[in-house]
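Trainee:
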Amino acid sequence: MDWRFTDDRPIWLQLTEQLTRRIITGVYPPGSRLPPVRELAAQAGVNPNTMQRALAQLEQDGLAFADRTAGRLVTEDTSVLDAVRRAQARVLIEHYYDSMAELGYARTEAAELLKEEHL
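Quick note: the sequence shown uses this note's numbering, first residue 2, plus one each step.
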């Protein structure tokens, strides 16, 4: 999974979003150790301080925690992971409805079309 950035939002926020996606998709499974800050920063091509800010946000969001001996670990709390996964899904659903509205579809029509095409 490549690191991708746009100019419309702060890099640390985009890093947080991409790390979150990696956690909820299992790239970094529950209980696993996240790579060190400098390693992640080098992979992403960003300043370590920027990566540190993103990792601090993950901790604030409950997705990761610091352990004195093991470094930074992904939470094992599946309720937190499920809630974040569900929130991400809601964002994607809203994007779908917004795109369909641009094509002239009402929400109910867009939902029905989705049912027809994918069930």
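Note that CB positions come from ideal geometry on N, CA and C, so glycine has one too.
Every value quoted in this text rests on a predicted model; they were computed, and no experiment measured them.
1) If you measure from the beta carbon of PRO36 to each beta carbon in chain E, is any gap under 8 Å?
2) Do you know offhand how far ARG108's Cα is from HIS119's?
3) Going by the beta-carbon positions, is the gap between LEU35 and ARG73 smaller than 8 Å?
4) Let me know the secondary structure DSSP gives ARG23 once reduced to three states.
5) If you run the structure through DSSP and keep just helix, strand and coil, what is ALA65?
Mentor: Let's see:
1) The chain inventory of the structure shown lacks chain E, comprising one protein chain alone.
2) Working through the sequence shown from its first residue, we reach residue 108 at position 107. Working through the sequence shown from its first residue, we reach residue 119 at position 118. Roughly 16 Å separates the two Cα atoms.
3) In the sequence shown, residue 35 corresponds to position 34, counting from 1. In the sequence shown, residue 73 corresponds to position 72, counting from 1. The answer is yes: Cβ separation under 8 Å.
4) Locating residue 23 in the sequence shown gives position 22, where the first residue counts as 1. Helix.
5) Within the sequence shown, numbered from 1, the residue matching residue 65 stands at position 64. Strand at ALA65.
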